[in-house]
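J.: Residue numbers (the working numbering), protein chains in the order written: chain A, 1 to 295; chain B, 1 to 645. Quick one: the structure is below, and I'll ask about it shortly.
Dropping the structure here:
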């Protein structure tokens with residue numbers, strides 16, 4: 001029951017994260033900025049629209065957003081929220097989680113290639129590279145969790161994460177935050193606000209999507225931010241199962257803090273040159289490896 | 001056992017029937033594939049019950065020294081027979097329409113190949129094994145040079161023949177050693193013989209000999225040449241089954257020398273990591289769609305080796321629970337890889353058949369022209385990228401679990417587990433990129449050449465096997481608690497657990513997770529259609545920054561897609577760049593080819609060295625018959641003198 005509540009909270013609040021990031025960026029730029037609820041308005045509007053499809057798009061293009069959103073819902077189902085319970089738990093849930101991210105990416109890359117656009121192919125290729133490099137730090141961080149707790153699902157592993165010292169947990173959270181930035185296509189790997197197709201990554205892959213399809217993609221991206229944020233947050237907040245108001249509040253505060261931090265990073269940093277991004281993800285790998293060794 | 005023998009008989013008889021029916025009609029040769037299907041059904045009927053029963057044997061005398069026609073069908077053999085016969089059914093049906101010239105010979109050799117592979121997997125006598133092994137090699141060699149008109153396939157055949165016989169040489173040494181110690185060439189006598197041999201020697205000979213067939217890096221160099229050159233249904237059998245016989249050989253030899261030391265597990269993990277990562281990187285650099293699939297086979301053999309390595313390392317440490325998971329994952333991956341690689345090779349064959357080219361850069365937009373083939377290829381691509389809810393995910397999940405479970409506590413096994421799961425993560429991400437690239441370039445977008453523009457869907461005989469295999473991939477992924485049973489039985493047999501092992505509960509949950517994922521996707525799809533009802537849906541050209549006259553040539557190519565990945569992983573690329581130059585540039589181009597480091601760094605220098613040193617021998621080989629007669633006389637005199645002394 002509490003798991004379902006957490007699931008619904010995530011569904012409801014996920015679009016708030018990009019809103020917070022935008023608000024922080026506006027604050028740093030000295031602008032008024034859009035409402036934090038902007039994404040909700042966008043989604044509602046997009047859902048009411050029709051769509052324009054590229055003449056060369058097949059069913060793969062139409063399926064892409066659906067598969068992507070389904071995968072994110074699946075990932076959310078195995079990731080516990082504030083209560084520490086998840087909707088679906090099994091040994092290997094952590095691997096299922098990682099492969100759902102891969103499934104969403106696979107669908108997005110194929111949908112991008114289906115348009116026959118050079119820009120979208122370029123974005124897809126870069127996305128494939130960065131996600132391949134983001135995989136090892138994620139898995140080593142998970143390995144650290146399993147090494148100490150022995151749990152092979154998030155629900156089983158997180159409560160025992162308290163056994164870990166502060167150092168490994170901080171190191172792993174730092175590594176996962178870098179993965180969070182890369183996977184969610186934020187600065188310093190990708191700039192969601194860029195207006196030049198040549199330099200976009202995630203944005204260029206979805207250029208040809210419109211209407212409800214685009215709503216699915218935007219909502220899926222918000223959910224992805226939520227699950228990866230929750231993963232980072234729960235490394236820092238190891239509490240057990242069961243609903244407690246204090247835990248729930250702490251968890252949500254952590255989620256919003258991560259969004260805040262992302263906004264700060266985006267305001268203070270420029271985007272890295274394309275060929276420097278692998279170095280950043282290698283640094284993430286080094287961090288999570290250090291976490292594994294110290295754990 | 002009777003059924004298995006019956007299946008051999010049907011295979012050979014229907015093959016002969018096909019061979020001699022040439023003069024009657026185009027159709028009469030079809031008795032070959034029909035016989036193959038019947039034989040495979042018989043074989044499956046023999047193998048499935050054998051999975052859960054005591055080993056059955058059959059021994060008939062044979063006049064060759066040391067040889068006997070002795071067969072043994074135990075759980076290990078039976079498990080490997082499953083993918084063999086399943087794939088044979090599909091490949092035989094596919095060949096009915098795919099093979100259009102020299103049908104009689106092709107069908108005959110197909111049946112012979114299937115029979116020899118089944119014999120390799122069940123032979124229990126060293127001589128019989130080697131004979132079957134050699135028949136399998138020679139028949140597949142004939143298929144590699146099938147289109148021998150072009151130099152490339154002859155070159156491939158030559159490489160294959162040399163490589164595989166170097167491998168067989170190691171096996172000859174191994175079997176002769178065992179034979180001389182045991183006094184018998186029966187496999188049943190080998191355990192005693194292997195006790196007197198150092199394990200290191202046995203392991204080295206088995207890994208070198210069988211590893212060549214299995215395509216472990218760097219022994220794989222023949223594989224990406226030979227597999228693409230063969231007709232596609234044979235490529236499917238070669239990649240799906242034949243390379244697994246190398247793995248079967250290693251496992252069989254290891255059952256003769258228990259206990260397997262821990263270092264051997266680590267060795268297999270190391271082989272697996274190297275084969276997996278380099279295999280998939282090299283696959284990413286290919287343009288030939290079948291060559292790319294062949295490199296991906298190297299990668300998958302790496303994943304399987306990794307699973308078995310984890311299992312042996314855990315077993316040596318007394319952790320049978322971990323070993324069971326890793327072994328079962330590896331076994332299931334053997335089965336899965338046969339299914340999806342067979343599917344992908346045959347789909348690639350249909351593409352080559354329909355367009356006349358295997359070059360990805362010349363394809364494109366085929367999904368609209370070949371919807372069934374394309375959809376099946378997509379299912380195979382998702383399955384081989386280990387995406388849920390397909391079967392590849394289940395087998396890799398089990399191997400992952402084996403790796404994760406070896407982490408708690410410290411010691412070398414924990415480090416091996418960490419290395420294994422990191423490698424699996426990289427392999428998984430790269431495989432997904434690799435197959436997205438292949439499917440995206442060949443089947444999506446717009447046709448890049450006239451050949452691709454005029455492609456057509458293949459006839460039903462060629463699409464039904466694909467659909468069948470795709471459904472099997474999906475079925476295993478959705479119902480792993482049903483299809484996973486044989487893998488766990490085989491794993492338990494390898495661990496010498498006699499009782500029925502309970503399936504882990506996670507297997508059921510993983511299947512349920514995959515199913516609910518599919519259900520959610522379906523619900524979202526219906527919701528999407530509901531949202532669209534009554535809305536305006538229009539069609540426009542793809543957005544090109546306002547450029548209104550895009551051509552298919554402006555699409556992103558497979559080369560460009562792979563370039564950032566390959567250069568990030570530091571792979572040597574042979575880049576062909578025609579830069580834009582002059583005030584009125586005419587044509588520019590970019591093409592990158594991945595260089596196989598095993599070929600350029602190991603074999604080329606090695607063979608050049610050998611050629612250089614052996615060049616001295618050329619002095620005595622000069623074509624003068626008089627001198628040759630003198631050599632013979634000297635040799636005879638020497639032999640006589642030796643005998644007299």
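Every residue gets a Cβ at the ideal spot worked out from N, C-alpha and C, and that includes glycine. Because the structure is a prediction, the values reported are computed rather than measured.
Report the partner residues of residue 72 of chain B according to the DSSP bridge assignment.
T.: Locating residue 72 of chain B in the second chain gives position 72, where the first residue counts as 1. B/57.
J.: List the residues of chain A whose Cβ lies closer than 8 Å to the Cβ of residue 139 of chain B, in chain order.
T.: Counted from its first residue, the second chain places residue 139 of chain B at position 139. Ordered by position in chain A, no residue passes the 8 Å Cβ test against residue 139 of chain B, which lies about 37 Å from the chain.
J.: Residue 314 of chain B to residue 323 of chain B, Cα distance in whole Å?
T.: Residue 314 of chain B sits at position 314 when you count from the first residue of the second chain. Residue 323 of chain B sits at position 323 when you count from the first residue of the second chain. For residue 314 of chain B and residue 323 of chain B, the distance between alpha carbons rounds to 5 Å.
J.: May I ask you to report which of helix, strand or coil DSSP gives residue 578 of chain B?
T.: Position 578 of the second chain, counting from 1, holds the residue named residue 578 of chain B. It is a strand residue.
J.: Quick one, which of B/85, B/542, B/64, B/127 has its alpha-carbon nearest residue 44 of chain B's?
T.: Position 44 of the second chain, counted from the start, is the residue given in the question as residue 44 of chain B. It is B/85 whose Cα lies nearest to the Cα of residue 44 of chain B.
J.: For residue 589 of chain B, which of helix, strand or coil comes out of DSSP?
T.: Here the question's residue 589 of chain B lines up with position 589 in the second chain. Of the three classes helix, strand and coil, the one that applies to residue 589 of chain B here is strand, per DSSP.
J.: Using the beta-carbon of each residue, which ones in chain A are nearer than 8 Å to residue 387 of chain B?
T.: Residue numbering aside, residue 387 of chain B sits at position 387 when the second chain is read from its first letter. Neighbours of residue 387 of chain B on chain A, chain order: 99, 102, 103, 106.
J.: Would you mind sorting residue 538 of chain B into buried or exposed? The rule is 16 or more other CB atoms within 10 Å of its CB.
T.: On the second chain, position 538 is the one that residue 538 of chain B refers to. When all chains shown are included, residue 538 of chain B counts as exposed.
J.: What span of residues does the alpha helix (DSSP H) with residue 629 of chain B cover, start to end?
T.: Position 629 of the second chain, counted from the start, is the residue given in the question as residue 629 of chain B. Element bounds for residue 629 of chain B: 625–644.
J.: Return the residues of the stretch 177–191 of chain A that lie within a Cβ-Cβ distance of less than 9 Å from chain B, sorted by chain order.
T.: From the stretch 177–191 of chain A, no residue has a Cβ closer than 9 Å to chain B.
J.: When you check each C-beta in the stretch 121–133 of chain A against every C-beta of chain B, which residues fall closer than 8 Å?
T.: 121, 122, 124, 125, 126, 128, 129, 131, 132, 133
J.: Do you know whose CA, among B/147, B/252, B/591, lies nearest residue 188 of chain B's CA?
T.: As a working note, residue 188 of chain B is residue 188 in the second chain. Ranking the options by Cα distance to residue 188 of chain B, first place goes to B/252.
J.: Can you round the beta-carbon distance between residue 417 of chain B and residue 410 of chain B to whole angstroms, since I take them to be within the 8 Å contact cut?
T.: Here residue 417 of chain B corresponds to residue number 417 of the second chain, with the count starting at 1. Here residue 410 of chain B corresponds to residue number 410 of the second chain, with the count starting at 1. Contact doesn't hold; Cβ gap of about 11 Å is too wide.
J.: Less than 8 Å between the CB atoms is what I'm expecting for residue 133 of chain B and residue 168 of chain B, so what's the real figure, rounded?
T.: Numbered from 1 along the second chain, position 133 holds the residue referred to as residue 133 of chain B. Numbered from 1 along the second chain, position 168 holds the residue referred to as residue 168 of chain B. About 7 Å separates the two Cβ atoms, so the contact holds.
J.: Taking 8 Å as the threshold (C-beta atoms), are residue 91 of chain B and residue 236 of chain B in contact?
T.: By one-based count along the second chain, residue 236 of chain B stands at place 236. By one-based count along the second chain, residue 91 of chain B stands at place 91. A contact, by the Cβ cut-off of 8 Å.
J.: Consult DSSP for residue 265 of chain A and reduce its assignment to one of helix, strand or coil.
T.: If you number the first chain from 1, residue 265 of chain A lands on position 265. In the structure shown, residue 265 of chain A adopts helical secondary structure according to DSSP, grouped into three states.
J.: Any beta-carbon of chain A closer than 8 Å to the one on residue 430 of chain B?
T.: Within the second chain, residue 430 of chain B is the residue found at index 430, counting from 1. Interface residue, yes.
J.: Grab me the residues of residue 463 of chain B's own chain with a C-beta within less than 8 Å of its C-beta, minus the 5 sequence neighbours each way, in chain order.
T.: Along the second chain, read from residue 1 onward, the residue named residue 463 of chain B stands at position 463. 350, 372, 373, 376, 457, listed in sequence order.
J.: Does the pairing of the stretch 201–209 of chain B with the stretch 164–182 of chain B give three or more beta-carbon distances under 8 Å?
T.: By the Cβ criterion, the stretch 201–209 of chain B is in contact with the stretch 164–182 of chain B, since at least three pairs of Cβ atoms, one from each stretch, lie closer than 8 Å.
J.: Over what stretch of residues does the alpha helix (DSSP H) that includes residue 117 of chain B continue unbroken?
T.: Here residue 117 of chain B corresponds to residue number 117 of the second chain, with the count starting at 1. 103–122 is the span of the alpha helix (DSSP H), which, as asked, contains residue 117 of chain B.
J.: For residue 110 of chain A, go through chain B and note every residue whose CB falls closer than 7 Å to its CB, in chain order.
T.: In the first chain, the residue the question calls residue 110 of chain A occupies position 110. Here the neighbours are 436, 439, 440, 444.
J.: According to DSSP, residue 91 of chain A sits in a beta bridge with which residue or residues?
T.: The residue you call residue 91 of chain A lines up with position 91 of the first chain. Residue 91 of chain A pairs with nothing; no bridge assigned.
J.: Does the Cβ of residue 186 of chain B have 16 or more other Cβ atoms within 10 Å, making it buried, or fewer, making it exposed?
T.: Taking the second chain and counting its residues from 1, the one referred to as residue 186 of chain B is at position 186. When all chains shown are included, residue 186 of chain B counts as buried.
J.: With three or more C-beta pairs closer than 8 Å as the rule, is the stretch 111–125 of chain B touching the stretch 72–80 of chain B?
T.: yes
J.: How about residue 40 of chain A: is its C-beta nearer than 8 Å to some C-beta of chain B?
T.: Here residue 40 of chain A refers to the residue found at position 40 of the first chain. Judged by the 8 Å Cβ criterion, residue 40 of chain A is not in contact with chain B.
J.: Closer than 9 Å, Cβ to Cβ, to anything on chain A: give me those residues from the stretch 293–322 of chain B, in chain order.
T.: none
J.: Pick out whichever of A/25, A/9, A/98 has its Cα sitting closest to the Cα of residue 432 of chain B.
T.: If you number the second chain from 1, residue 432 of chain B lands on position 432. Comparing Cα-Cα distances from residue 432 of chain B to each of A/25, A/9, A/98, the minimum goes to A/98.
J.: Assuming the contact rule is C-beta atoms closer than 8 Å, residue 421 of chain B and residue 325 of chain B should be a hit. Round their C-beta distance to whole Å, please.
T.: What you label residue 421 of chain B is simply residue 421 of the second chain in a count that begins at 1. What you label residue 325 of chain B is simply residue 325 of the second chain in a count that begins at 1. With 8 Å as the limit, residue 421 of chain B and residue 325 of chain B do not qualify as a contact, their Cβ atoms being about 13 Å apart.
J.: Residues of chain A with CB closer than 8 Å to the CB of residue 262 of chain B, please, in chain order.
T.: Indexing the second chain from 1 puts residue 262 of chain B at position 262. Near residue 262 of chain B there are no residues of chain A at all, since even the closest Cβ is about 19 Å away, more than 8 Å.
J.: For residue 465 of chain B and residue 343 of chain B, I'd like the C-alpha separation in whole angstroms.
T.: As a position in the second chain, residue 465 of chain B is number 465, starting the count at 1. As a position in the second chain, residue 343 of chain B is number 343, starting the count at 1. Rounded to the nearest angstrom, the two C-alpha atoms are 8 Å apart.
J.: Could you tell me whether the Cβ atoms of residue 267 of chain A and residue 28 of chain A are closer together than 8 Å?
T.: Numbered from 1 along the first chain, position 267 holds the residue referred to as residue 267 of chain A. Numbered from 1 along the first chain, position 28 holds the residue referred to as residue 28 of chain A. Yes, the pair counts as a contact, with Cβ atoms nearer than the cut-off.
J.: To the nearest angstrom, report how far apart residue 174 of chain B and residue 221 of chain B are at their CA atoms.
T.: Translated into positions along the second chain, residue 174 of chain B becomes position 174. Translated into positions along the second chain, residue 221 of chain B becomes position 221. Taking the straight line from one Cα to the other gives about 23 Å.
J.: Here's the rule I'm using: 16 or more other beta-carbon atoms within 10 Å means buried, otherwise exposed. How should residue 17 of chain A be labelled?
T.: Residue mapping note: residue 17 of chain A aligns to position 17 of the first chain, counting from 1. It counts as buried.
J.: Under three-state DSSP, which class holds residue 537 of chain B?
T.: In the second chain, residue 537 of chain B corresponds to position 537, counting from 1. DSSP places residue 537 of chain B in strand when its eight states are reduced to three.
J.: Answer yes or no: the CB of residue 103 of chain A versus the heavy atoms of the ligand GTP, is any distance below 7 Å?
T.: No copy of the ligand GTP occurs in the structure displayed, which carries no ligand at all.
J.: Which term fits residue 530 of chain B, buried or exposed, when burial requires 16 or more other beta carbons within 10 angstroms of its beta carbon?
T.: Working through the second chain from its first residue, we reach residue 530 of chain B at position 530. Exposed is the call here.
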